[in-house]
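Residue numbering for the sequence shown follows my numbering, starting at -17 and increasing by one per position. I have placed the structure first, in the form of structure tokens, so that the comments after it can refer back to it.
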Amino acid sequence: MDPAEQYQLRTTESRRLYDLALKVAVDGAQALAKLVSHSPIYTVRARGSHVWDVDGNEYIDYVLGLGPLLLGHGHPHVTQRVHEQLDTYVLNSTANPLEVELAQKLVGIVPCAQTCRFTTS
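Dropping the structure here:
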């Protein structure tokens, strides 16, 4: 059995979800990076450098959120800080002292950056 056939046998639930997604999402995925020849995997859990799909398969996540997850999924320090922030507030359209602090850090470590802007995409 070739690898493509093995993949298809191991990812039947992902394929079912992909078939549903094709009816309601352009190309069946919310990002082009998620498109593959058969169907994308639909992950439901992650820890460190590993993710698990809806079919129970475990993978090494080499993509790591397209780069921003350099510390892996669920890093204890990051998780702690997120929980602390959630207890304060989640979303605010006004200026925040944390954005100044983060901008200072980014400008300080990126040699060519004189300023920065945070966006949602």
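The beta-carbon is built from N, C-alpha and C at its ideal position, and this holds for glycine as well. This one's a predicted model, so the numbers in the text were calculated from it and none came from an experiment.
Straight-line spacing of the CA atoms in L4 and A(-14) works out to 20 Å. At the C-beta level, D35 and Y24 come within 9 Å of one another. The beta strand (DSSP E) runs of length 3 or more contained entirely in the stretch 7 to 85 are, from start to end of the chain, 25 to 29, 32 to 35, 40 to 42. Taking C-beta separations shorter than 7 Å and ignoring five residues to either side along the sequence, L68 has no partners in its chain. In this chain, the alpha helix (DSSP H) harbouring Q(-12) covers -15 to -8. When the Cα atoms are used, D37 and L(-9) turn out to be separated by approximately 10 Å. Under the three-state reduction of DSSP, V92 is assigned to coil, being neither helix nor strand. The beta carbon of R29 sits closer than 8 Å to the beta carbons of G54, H55, G56 from its chain, once the five residues preceding and following it are set aside; these are given in chain order. Here the alpha carbon of Q12 sits roughly 19 Å from the alpha carbon of L51. The shortest CA-to-CA distance from T(-6) to any of P22, H59, D9 is the one to P22. Linking Q96 to E83 through their CA atoms gives a straight-line distance of about 14 Å.
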